[in-house]
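Under the UniProt record's numbering, read the sequence shown as residues 1 to 640, first letter to last. Here is the structure we will look at, set down as structure tokens.
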Amino acid sequence: MAETANQETHGFQTEVKQLLQLMIHSLYSNKEIFLRELVSNAADAADKLRFKVLSNPSLYENDSDLCVKLSADKEAGTITISDNGIGMNKEDVIEHLGTIAKSGTKEFFNNLSGDQSKDSQLIGQFGVGFYSAFIVADNVIVRSRAAGDSADKGVQWESAGEGEFTVTDIEKADRGTEIVLHLRKDEKEFADDWRLRSIVTKYSEHIGIPVKMWKEEVPESDGPDGEKIPAQPGEWESVNKASALWTRDKSEISEEEYNEFYKHVSHDFADPLMHAHNKVEGKTEYTSLLYIPSKAPFDMWNRDQNHGLKLYVQRVFIMDDAEQFMPVYLRFVKGLLDSNDLPLNVSREILQDNKVTQAIRQGCTKRVLQMLERLAKNDAEKYQSFWKEFGAVLKEGPAEDFANKEKVAGLLRFASTHNDSDAQTVSLEDYIGRMKDGQEKIYFITADSYQAAKSSPHLEIFRKKGIEVLLMGDRIDEWLMSHLTEFNEKSFQSVARGALDLGDLEDEESKKEQEEAEKAVEGVLERVKTALGDKVVDVKFTHRLTDSPACIVTDEQGMSTQMIKLMQSAGQPVPEAKYHFELNPEHQLVKLLADLQDEGQFSQWVDVLYDQAALSEQGSLKDPATFIQKLNKLLMDLAK
Numbered sequence: 001m002a003e004t005a006n007q008e009t010h011g012f013q014t015e016v017k018q019l020l021q022l023m024i025h026s027l028y029s030n031k032e033i034f035l036r037e038l039v040s041n042a043a044d045a046a047d048k049l050r051f052k053v054l055s056n057p058s059l060y061e062n063d064s065d066l067c068v069k070l071s072a073d074k075e076a077g078t079i080t081i082s083d084n085g086i087g088m089n090k091e092d093v094i095e096h097l098g099t100i101a102k103s104g105t106k107e108f109f110n111n112l113s114g115d116q117s118k119d120s121q122l123i124g125q126f127g128v129g130f131y132s133a134f135i136v137a138d139n140v141i142v143r144s145r146a147a148g149d150s151a152d153k154g155v156q157w158e159s160a161g162e163g164e165f166t167v168t169d170i171e172k173a174d175r176g177t178e179i180v181l182h183l184r185k186d187e188k189e190f191a192d193d194w195r196l197r198s199i200v201t202k203y204s205e206h207i208g209i210p211v212k213m214w215k216e217e218v219p220e221s222d223g224p225d226g227e228k229i230p231a232q233p234g235e236w237e238s239v240n241k242a243s244a245l246w247t248r249d250k251s252e253i254s255e256e257e258y259n260e261f262y263k264h265v266s267h268d269f270a271d272p273l274m275h276a277h278n279k280v281e282g283k284t285e286y287t288s289l290l291y292i293p294s295k296a297p298f299d300m301w302n303r304d305q306n307h308g309l310k311l312y313v314q315r316v317f318i319m320d321d322a323e324q325f326m327p328v329y330l331r332f333v334k335g336l337l338d339s340n341d342l343p344l345n346v347s348r349e350i351l352q353d354n355k356v357t358q359a360i361r362q363g364c365t366k367r368v369l370q371m372l373e374r375l376a377k378n379d380a381e382k383y384q385s386f387w388k389e390f391g392a393v394l395k396e397g398p399a400e401d402f403a404n405k406e407k408v409a410g411l412l413r414f415a416s417t418h419n420d421s422d423a424q425t426v427s428l429e430d431y432i433g434r435m436k437d438g439q440e441k442i443y444f445i446t447a448d449s450y451q452a453a454k455s456s457p458h459l460e461i462f463r464k465k466g467i468e469v470l471l472m473g474d475r476i477d478e479w480l481m482s483h484l485t486e487f488n489e490k491s492f493q494s495v496a497r498g499a500l501d502l503g504d505l506e507d508e509e510s511k512k513e514q515e516e517a518e519k520a521v522e523g524v525l526e527r528v529k530t531a532l533g534d535k536v537v538d539v540k541f542t543h544r545l546t547d548s549p550a551c552i553v554t555d556e557q558g559m560s561t562q563m564i565k566l567m568q569s570a571g572q573p574v575p576e577a578k579y580h581f582e583l584n585p586e587h588q589l590v591k592l593l594a595d596l597q598d599e600g601q602f603s604q605w606v607d608v609l610y611d612q613a614a615l616s617e618q619g620s621l622k623d624p625a626t627f628i629q630k631l632n633k634l635l636m637d638l639a640k
């Protein structure tokens, strides 16, 4: 940091430098959003002042008429946006205008491709706020003073949007923030009053405070009948409706206005997928405006990141990210709540155990699930686009929301053996509708990936009999299925756990063939048990296989392979897994095993078959080199 008199020079955070370069070069097709972002920030500053005034009315400083003022100077090529909101002190300016304090920043930059059109969409999902000024300006000056500070505590921030910025102490009589944009030569079109008015009308009609522009004085003139029309003095006039959108009647609000308000509360560039605007009356009175985005933000997978709704009480802004009103598995939902039943001095701590909070949370959760149910029923293609973005997060629901477990389960989508695709398009209702006569259970398998699930030997008998199995390859699936035990009175059954019982799906002729196959290799089980010793829980015949010689199976109540992997990846200690080893008596290798008299060679074959089964189930072996040596030796013996 360089310092001269009352001026300091600071370097931008590395991520800010990257973001500035990306915006300047990628957002060439949507430049006018800079004004939306800056006006939105100014409106937020007014909201924050209203909240602070609840406990300290003197912060108004005899100026309670909150507004945003906008002006342009064609000759100078500048635009000025000013507000009389909460303002900033020097520390605020350095922190907020020099860094990006947003989780997911690293992941955001890792996802950038270098393709300008694609990157512009990514930047839109990330949100850019103040830095959008540099889309059209090659120099930006910010002057600010925090409400409650003396006039000599003003601060000026200035930067050309390159490597550094300067901060200078200044005198500023009025509280709030003023931003002056020195437009680039090829962006001077924006230094025009009518251009600015049209942008405000397009993007900021919904802002709850007036956005004002100067209306020039109109001199006295003669009317058509010779009467004198008096002069009209110049004045600041509002160019937007300046009424909080959620307080208006739904019939008066256009889809475009709803979409622009979403961009205001979320700082997203894209339109939302859908919204719900509701006024609830009765024991608890509140208005909710809830949005489901069309794209997932980069930090959505971090459960600890800030999420939640904007909270207003009696139209007064109280806080951002009020997470108490939305369960964590619906953390992608954006929007706001305006309650009449909460106190104006409500805090996060009070919200935590407040009965009104709980009632509103239940109502908002129900509303979002209803939105998704309607979407899934009326527009399967659009719902699939939602699922692709947010499905993995929604799968957290059954474990976290017992009251809505059935509703959330109905919204889940899976891949299955019914479709030759990894697309998760099958609902549980679809599956139940295709169940065979006599089928009582919903069969599923979890694995490291869709391909691993699809290729599992555990599916062989199900394919043979044409029984559909849900294929689950997401990391969250094992956790999901440990909490989702039934749906529509049908229980779930993992095809890789416990004894196989197809119930009425098994015919007598098949049972007779199985018994004969087992008799033909009678005695091999005891020899295999001796060879494996305490390496396994048990050895038995199975008829779940048609093409594979053997498989390993987890106890019905034991910890599954996928759960063990999840716990290990989280650094949790887990006991060593022991499996049931199951042999297919109809397979040629098992028949070969039964005929082998050389116990040494028999033991090697058993080890190879067990390791093959373990590799298929677990995806890896503890000692792959030994497995390969044994396999190679057996192949050489067969070649002799």
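We put the beta carbon where it would ideally sit given N, CA and C, even for glycine.
Helix, strand or coil at residue i according to DSSP, with G and I counted as helix
| i | result |
| --- | --- |
| residue 641 | Because the chain spans 1 through 640 in this model, residue 641 falls outside it and cannot be assessed. |
| residue 647 | Outside the displayed range of the chain (1 to 640) lies residue 647, so it cannot be described from this structure. |
| residue 322 | strand |
| residue 222 | strand |
| residue 47 | helix |
| residue 129 | helix |
| residue 103 | The predicted position of residue 103 is uncertain, since its pLDDT is 45 and thus under 50; no value can be drawn from it. |
| residue 191 | coil |
| residue 291 | strand |
| residue 383 | helix |
| residue 236 | strand |
| residue 361 | helix |
| residue 124 | Bear in mind that the predicted position of residue 124 carries a pLDDT of just 49, short of 50, making it too unreliable to give a figure here. |
| residue 579 | coil |
| residue 404 | helix |
Sequence-distant residues of the same chain with beta carbon closer than 8 Å to residue i, five excluded per side
| i | result |
| --- | --- |
| residue 464 | 546 |
| residue 183 | 77, 78, 79, 136, 137, 138, 190 and 191 |
Rounded separation between residue i and residue j - CA only
| i | j | result |
| --- | --- | --- |
| residue 583 | residue 525 | 8 Å |
| residue 261 | residue 365 | 21 Å |
| residue 602 | residue 454 | 31 Å |
| residue 450 | residue 531 | 34 Å |
| residue 437 | residue 443 | 14 Å |
| residue 607 | residue 553 | 16 Å |
| residue 124 | residue 229 | For residue 124, the pLDDT reaches just 49, beneath the cut-off of 50, and the residue's location in the model is therefore unreliable, although a value from the coordinates is still provided. Between residue 124 and residue 229, the C-alpha separation is close to 49 Å. |
| residue 417 | residue 296 | 28 Å |
| residue 341 | residue 196 | 39 Å |
| residue 445 | residue 513 | 27 Å |
| residue 460 | residue 624 | 25 Å |
| residue 31 | residue 205 | 19 Å |
| residue 472 | residue 353 | 37 Å |
| residue 241 | residue 207 | 8 Å |
| residue 170 | residue 69 | 21 Å |
| residue 162 | residue 9 | 13 Å |
| residue 305 | residue 523 | 59 Å |
| residue 452 | residue 425 | 18 Å |
| residue 571 | residue 435 | 40 Å |
| residue 200 | residue 288 | 25 Å |
Top-ranked residue by Cα proximity to residue i, from the options
| i | options | result |
| --- | --- | --- |
| residue 132 | 40, 382 and 423 | 40 |
| residue 67 | 58, 59, 77 and 81 | 81 |
| residue 329 | 136, 409, 557 and 204 | 409 |
| residue 550 | 45, 561, 315 and 591 | 591 |
| residue 56 | 38, 199, 144 and 148 | 148 |
| residue 179 | 187, 88, 478 and 205 | 88 |
| residue 428 | 413, 439 and 420 | 413 |
| residue 534 | 488, 520, 581 and 628 | 581 |
| residue 48 | 313, 403 and 491 | 313 |
| residue 95 | 474, 167 and 161 | 167 |
Cutoff 7 Å; reference residue i; Cβ partners in own chain excluding five residues on either side
| i | result |
| --- | --- |
| residue 568 | 574 |
| residue 181 | 78, 79, 133, 136, 137 and 140 |
| residue 274 | 292, 371 and 375 |
Residues bridged to residue i [DSSP beta-bridge criterion]
| i | result |
| --- | --- |
| residue 546 | Answer is none; residue 546 lacks a bridge partner. |
| residue 252 | Beta-bridge pairing links residue 252 to no other residue. |
| residue 472 | 446 |
| residue 140 | 159 and 181 |
Any non-hydrogen atom of the ligand FMN closer than 6 Å to residue i Cβ
| i | result |
| --- | --- |
| residue 179 | Although the ligand FMN was asked about, the structure shown includes no ligands whatsoever. |
6 Å CB neighbourhood of residue i in its chain, flanking five on each side removed
| i | result |
| --- | --- |
| residue 679 | Residue 679 cannot be examined here, being either before or after the span of the chain that is shown, 1 to 640. |
| residue 498 | 556 |
| residue 331 | 307 |
| residue 541 | 518, 583 and 585 |
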